[in-house]
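Below you'll find the structure, written out as structure tokens, and then a few comments.
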Amino acid sequence: MIEMPPKKKQEKRQPARQDAKELLAGYEEFLVDLKAHIRSAQIKAATAVNRELIELYWQIGQGILLHQKQQGWGAKVIDQLARDLILEFPDMRGFSPRNLKYMRAFAETWPDKEFVQQLAAQIPWFHNCILMDKLKDPDERQWYIQQTIRYGWSRNVLRHHIETRLYQRQAKAEKSTNFAATLPPPHSDLVEQTIKDEYIFDFLTLREGAHERELERALVERIRDFLLELGAGFAFLGSQYHLEVGGQDFYIDLLFYHYQLRCLIAIDLKMGEFQPADAGQMNFYLSALDDLIRHKSDNPSVGMVLCKGKNRTVAEYALRDLNKPMGVATAKLPAALSKALPSPDELQRLLDEADDA
Numbered sequence: 254m255i256e257m258p259p260k261k262k263q264e265k266r267q268p269a270r271q272d273a274k275e276l277l278a279g280y281e282e283f284l285v286d287l288k289a290h291i292r293s294a295q296i297k298a299a300t301a302v303n304r305e306l307i308e309l310y311w312q313i314g315q316g317i318l319l320h321q322k323q324q325g326w327g328a329k330v331i332d333q334l335a336r337d338l339i340l341e342f343p344d345m346r347g348f349s350p351r352n353l354k355y356m357r358a359f360a361e362t363w364p365d366k367e368f369v370q371q372l373a374a375q376i377p378w379f380h381n382c383i384l385m386d387k388l389k390d391p392d393e394r395q396w397y398i399q400q401t402i403r404y405g406w407s408r409n410v411l412r413h414h415i416e417t418r419l420y421q422r423q424a425k426a427e428k429s430t431n432f433a434a435t436l437p438p439p440h441s442d443l444v445e446q447t448i449k450d451e452y453i454f455d456f457l458t459l460r461e462g463a464h465e466r467e468l469e470r471a472l473v474e475r476i477r478d479f480l481l482e483l484g485a486g487f488a489f490l491g492s493q494y495h496l497e498v499g500g501q502d503f504y505i506d507l508l509f510y511h512y513q514l515r516c517l518i519a520i521d522l523k524m525g526e527f528q529p530a531d532a533g534q535m536n537f538y539l540s541a542l543d544d545l546i547r548h549k550s551d552n553p554s555v556g557m558v559l560c561k562g563k564n565r566t567v568a569e570y571a572l573r574d575l576n577k578p579m580g581v582a583t584a585k586l587p588a589a590l591s592k593a594l595p596s597p598d599e600l601q602r603l604l605d606e607a608d609d610a
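Structure representation (structure tokens):
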């Protein structure tokens, strides 16, 4: 009989070594908080550098203006000044003749140093250059500075909003709304400032005679451009948003949530002229949203009828006695395609004509 070797006593397996951060109570919360502080410090440092740089540019511009006025310096002195500054500070950008001319224009545009410190120095230098190039009205420039500070617009976004006349459409337009009568201040003012009188959808391509559903589909397909045109704060919740009321089905064309206004925003699309019945339909949608969808902590839902055209007097009467907050805005669409793609026969004829040519 073969004797089996005695079994070795099985050693207890030690648990895998845990990561140190798992053993420290509160470590994860501390790390999240620390990261937030570091990012905040980085932003503050970058903002401080930008502010110092723009104040320096303003002082250089003021100096050039003063000496040109008192000493009679001509325009060529800027070229000489650029050469001398670049020679002295070869590692520092921004002293080209073109940029020095911008500094002079900047100081001339904003002669008040306190204004520069409080507003103009809060946005990047080339944002200020765009404002000087494209706008002449001081109030309009100031409005775009404030919006850039508030929403953190990039240069391209700022340029886009200027070229599409956002100031005229949002800040200065006489809007067709009932917000003042249906919402308490200051919330009514915030909603009024958020809604535009006209929306520009030049990024779309629609055929001639397109219907509301085609416009809706095109906007959803280009949702990024659509959200840019709507403005900051909009979050898209869906198209043809379903509501069941009294056992019947209803569908809102487009539904959004605005995280700054803290409310739902329903949009009804109309390819024709605004009609009073459109306001009644939107009033119904808003009542249903407030009862069925709105969270108890949210503000009342807001509606917008977006149509191809409107008569302001008709819109005013239609909205006057309704108890739900809504506005009527127009949609500026690109020129529609007059034809669909050519038929096969027409395409062949065009090809034959091209060969003959």
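Heads up: the sequence shown runs through residues 254 to 610, numbered per the working numbering.
Glycine included, each C-beta is placed from N, C-alpha and C at the ideal position.
None of the values given here were measured: they were computed from a predicted structure.
Between the region 520-528 and the region 540-548, the count of C-beta pairs closer than 8 Å stays below three; the two stretches do not touch.
In this model, Leu472 and Ala360 are separated by some 43 Å (Cα to Cα).
Along the region 417-449, the alpha helix (DSSP H) occurs as fully enclosed runs of 4 or more residues at 432-435, 440-447, listed in sequence order.
Apart from sequence neighbours up to five positions away, the residues of its chain that approach Gln370 with a beta-carbon distance below 7 Å are Glu308, ordered along the chain. By the C-beta criterion, the region 425-444 is judged to be in contact with the region 575-586, since at least 3 inter-stretch pairs fall below 8 Å.
If only uninterrupted alpha helix (DSSP H) runs of at least 4 residues are considered, those enclosed by the region 535-598 are 565-573. For Asp502, the enclosing beta strand (DSSP E) begins and ends at 501-511. Nearest Cα to Tyr420 within the set Leu514, Phe432, Tyr310, Gln446: Gln446. Counting along the chain, Ala299 sits inside the alpha helix (DSSP H) bounded by residues 280-323. In the DSSP assignment, Phe487 falls within the beta strand (DSSP E) that extends over 487-498. For Met385, the uninterrupted alpha helix (DSSP H) segment begins and ends at 378-387.
With contacts defined by Cβ atoms closer than 8 Å, Asp506 and Ile520 form a contacting pair.
When rounded, the separation of the alpha-carbon atoms in Leu586 and Leu457 is 7 Å. For Leu472, the enclosing alpha helix (DSSP H) covers residues 465-474.
With a beta-carbon spacing of about 12 Å, Phe489 and Leu481 fall beyond the 8 Å limit used to define contacts. Within the same chain, Cβ atoms closer than 6 Å to the Cβ of Asn536 are found at Leu575, Lys577, the five residues on either side in sequence being excluded.
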